[in-house]
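All residue numbers for the sequence shown refer to the working numbering, where the first residue is 145 and numbers rise by one. Ideal placement from N, C-alpha and C gives every residue a C-beta, glycine not left out. Each remark here refers to the structure printed beneath this line.
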Amino acid sequence: MSGRTNRATVHVALTGLTALLAGCAARSEQRGSSAAAGAGPAAMFRGGPAHDGRYPGPAIDGYGGLQWRFQTRGPVTATPTVAGDLVYVGSADGRLYALRRATGEPAWTFDARSAIASTAAVAEGKVFVAARDGRLYALDARTGAERWRASLGADRPLPWGHESGDFYVSSPAYAGGTLYVGGGDGNVYALAASDGAVRWRHATGGRVRSSPAVEGGLVVVGSADGVVYAADARTGAARWTFATLGASLESGSFGFDRRTVQASPAIVGDRVFVGARDGFVYALDRATGRLAWKFDHEISWVNSSPAVADGAVYVGTSDGWFVQALDAATGAERWRTSTASAVWGSPAVVDSFVYAGEAAGNVLALDARTGAERWRWRVGSRVFSSPVPAAGTLYFGADDGAVYALNAARGRPLRRAVFWDARVAKAARLPGHERIRAFFQDRGYAVLDADSLAAFLRARAADRSPSVVVFAMDYLPSGLGTRPSGLGEESLLRSYLEAGGKVLWLGVPPLLFPRDPSTGAQNLKDIDRGATLRLLGVDHARGNFDVRGATVTPAGERWGLSGWWTSNWGADPRTVTQALALDDEGQATAWVRSYGGPAGSGFVRIPAQTWGEAPAAANLLMLQVAAEYFPR
Numbered sequence: 145m146s147g148r149t150n151r152a153t154v155h156v157a158l159t160g161l162t163a164l165l166a167g168c169a170a171r172s173e174q175r176g177s178s179a180a181a182g183a184g185p186a187a188m189f190r191g192g193p194a195h196d197g198r199y200p201g202p203a204i205d206g207y208g209g210l211q212w213r214f215q216t217r218g219p220v221t222a223t224p225t226v227a228g229d230l231v232y233v234g235s236a237d238g239r240l241y242a243l244r245r246a247t248g249e250p251a252w253t254f255d256a257r258s259a260i261a262s263t264a265a266v267a268e269g270k271v272f273v274a275a276r277d278g279r280l281y282a283l284d285a286r287t288g289a290e291r292w293r294a295s296l297g298a299d300r301p302l303p304w305g306h307e308s309g310d311f312y313v314s315s316p317a318y319a320g321g322t323l324y325v326g327g328g329d330g331n332v333y334a335l336a337a338s339d340g341a342v343r344w345r346h347a348t349g350g351r352v353r354s355s356p357a358v359e360g361g362l363v364v365v366g367s368a369d370g371v372v373y374a375a376d377a378r379t380g381a382a383r384w385t386f387a388t389l390g391a392s393l394e395s396g397s398f399g400f401d402r403r404t405v406q407a408s409p410a411i412v413g414d415r416v417f418v419g420a421r422d423g424f425v426y427a428l429d430r431a432t433g434r435l436a437w438k439f440d441h442e443i444s445w446v447n448s449s450p451a452v453a454d455g456a457v458y459v460g461t462s463d464g465w466f467v468q469a470l471d472a473a474t475g476a477e478r479w480r481t482s483t484a485s486a487v488w489g490s491p492a493v494v495d496s497f498v499y500a501g502e503a504a505g506n507v508l509a510l511d512a513r514t515g516a517e518r519w520r521w522r523v524g525s526r527v528f529s530s531p532v533p534a535a536g537t538l539y540f541g542a543d544d545g546a547v548y549a550l551n552a553a554r555g556r557p558l559r560r561a562v563f564w565d566a567r568v569a570k571a572a573r574l575p576g577h578e579r580i581r582a583f584f585q586d587r588g589y590a591v592l593d594a595d596s597l598a599a600f601l602r603a604r605a606a607d608r609s610p611s612v613v614v615f616a617m618d619y620l621p622s623g624l625g626t627r628p629s630g631l632g633e634e635s636l637l638r639s640y641l642e643a644g645g646k647v648l649w650l651g652v653p654p655l656l657f658p659r660d661p662s663t664g665a666q667n668l669k670d671i672d673r674g675a676t677l678r679l680l681g682v683d684h685a686r687g688n689f690d691v692r693g694a695t696v697t698p699a700g701e702r703w704g705l706s707g708w709w710t711s712n713w714g715a716d717p718r719t720v721t722q723a724l725a726l727d728d729e730g731q732a733t734a735w736v737r738s739y740g741g742p743a744g745s746g747f748v749r750i751p752a753q754t755w756g757e758a759p760a761a762a763n764l765l766m767l768q769v770a771a772e773y774f775p776r
């Protein structure tokens, strides 16, 4: 929304899923973390008070699956903060969540009763976070109990009055026992971390949504008046100001905001780097505030806060639709990588990787030296939260209301494929199979027909690379499964599963009620309730075509399922590893059967009645979560 009329920011709004483990969250509100939460070095937005956006390794060198997904009840534009064994993140639902780093289960929640689009800072055993209503909270990092609160004042009017994109709230920076944070009232505050007492306030000419950067006794922040302010960290006395081009522009003359400095500065060496909605990235002299260089994004907003590493400045742009690397000394562009939509979140740098999210719902991993795409993962709704890498996992939020944790591949990326073959379409009962294929293909899944599916299974059974195959058609091609007459006969599908492979099956269980692939003909006399027992070790002796109500189990919630649906062909729950949903007779209609591979692998059945004749976007996302769920 930088004002280019020929391109619009993509907003793929998913309705999201019902809140995962919401009841557990409420019951767990006062239960503490297993380790001392908030212990160790301070954690905060952009990795530290200087806001350079650098994080320790290892780099996440390939997408290895979804470690967990936690559903809140509002968009998550805040950036997660990783501290100890917890991940702290706020939501537009007004709550701050402390999630267990390994599983995503809530340790506690705090209800601020106002949207949280501020990134938490964690230090001194406390969590500090600002809410949309102007309150700053200090909470016990272990229990979520409130320790103190402070008011940052009411929002002052915007210069024009119709500025859009006011999504973020200033995130507190912690340094030396003091919190530095901007207020909607136009002040920058320094508060004692111990009790919230105001040590000083420094006035600007507009709302402060930018997050202060602190380094070497200097505090630097941007304001809605188009000015960058630098103050003494101890006293709040003015050091210098820098007026961006936007400070001289009247937004009403353009029909969109050209003035605000929403991005947060980064202080590295003798420079301050910051972007602005006037369309420029600025490099300023740290001591004087004088301009060293600027780079023109040609009107496109620079809401993204820069990351600085190894002599390069990494930043995203709004309607320009790219991520770029600039030379920190000269401002010369080193590379530019196009994105599918606007980049408002801030890049993170680990080793030779740059990670960034964008409004089309993609999270990108780029080569820091060249900008070449190394891998991507798509959730499908805006990612305005900034990705945070920590110990081989990438954490971020999205507008679907979820918080995601992506696994590192450790040199073996997850191979993803979807089976769909037009030649056997008459044999499939699965509704909407073409849309299912297109959904997964759009997310990087290779489309396999019967021949290439066999080759894929054979190769993965041999090399044991992490992999998943989604069957968009509930048809098992000839030769891949146990034939009804071959009791105990080995199959390629079973060999693949026993080698650690994963299948997501979305319809009638394989071989149970076959259709003729050339005509689509079926006969009730052909139902073979023993077929799945021979092929998978799962018993459907009591299964039938009657449609019954089914309810998701707690295990199913962890796999991304929610609510209830109608389904048929239930399995004996004693013959599956995990029942994900149970019908009113106690049969497992959604289930996982494991074969000794890593957690999350094996055969997963989620029945077609989960989404009906026309699968909705939110239900397709549910399938993606189940397909890529590989908990540690």
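Could you round the C-beta distance between residue i and residue j to whole angstroms and report it? I think they count as a contact, below 8 Å.
i	j	result
residue 590	residue 621	16 Å between Cβ atoms; not a contact.
residue 619	residue 568	5 Å
residue 562	residue 592	7 Å
residue 513	residue 496	6 Å
Helix, strand or coil: which one does DSSP assign to residue i?
i	result
residue 199	coil
residue 406	coil
residue 268	coil
residue 517	strand
residue 589	coil
residue 577	helix
residue 382	strand
residue 106	Residue 106 lies beyond the range of the chain shown here (145 to 776); nothing can be said about it.
residue 666	coil
residue 568	helix
residue 461	coil
residue 742	coil
residue 290	strand
residue 250	strand
Got a sec? Which residues, its chain only, sit under 8 Å from residue i by beta carbon, not counting five neighbours each side?
i	result
residue 451	190, 196, 197, 198, 410, 457, 458, 459, 490, 491, 492, 493, 498
residue 570	659, 660, 661, 662, 663, 664
residue 378	361
residue 720	682, 732, 735, 736, 737
residue 649	615, 618, 747, 748, 749, 750
residue 482	465, 466
residue 715	653, 676, 682, 683, 684, 687, 731, 732, 733, 735, 749
residue 304	394, 395, 396, 401, 403
Considering only residues of the same chain and omitting the five flanking positions on each side of residue i, which have a CB-CB separation below 6 Å?
i	result
residue 677	683
residue 522	505, 506, 587
residue 666	659
residue 692	727, 728
Starting from the Cα of residue i, find the closest Cα among the options and give me that residue.
i	options	result
residue 390	367, 273, 352	367
residue 744	674, 732, 611	611
residue 639	617, 604, 436	604
residue 540	500, 563, 560	500
residue 653	345, 436, 617	617
residue 686	549, 718, 428	718
residue 240	224, 596, 749	224
residue 293	474, 305, 308, 275	275
residue 437	418, 453, 296, 623	418
residue 414	399, 739, 428	428
residue 221	447, 400, 455, 395	447
residue 203	585, 542, 538	538
May I have the straight-line CA-CA distance separating residue i from residue j, to the nearest angstrom?
i	j	result
residue 179	residue 213	Residue confidence for residue 179 is low, a pLDDT of 43 falling below 50, so the modelled location carries little weight; the figure read from the coordinates is stated next. Cα to Cα, residue 179 sits roughly 22 Å from residue 213.
residue 386	residue 470	21 Å
residue 219	residue 488	15 Å
residue 208	residue 331	44 Å
residue 764	residue 560	16 Å
residue 359	residue 311	26 Å
residue 295	residue 278	6 Å
residue 324	residue 426	22 Å
residue 233	residue 478	33 Å
residue 609	residue 552	14 Å
residue 354	residue 583	37 Å
residue 422	residue 356	20 Å
residue 558	residue 706	25 Å
Give me, in chain order, the residues of the same chain whose beta-carbon lies closer than 7 Å to that of residue i; leave out the 5 immediate sequence neighbours on both sides.
i	result
residue 700	724, 725, 734
residue 201	494, 495
Is residue i a contact residue of the ligand GDP, with contact defined as CB to any heavy atom under 7 Å?
i	result
residue 241	The ligand GDP is not part of this structure, which contains no ligands at all.
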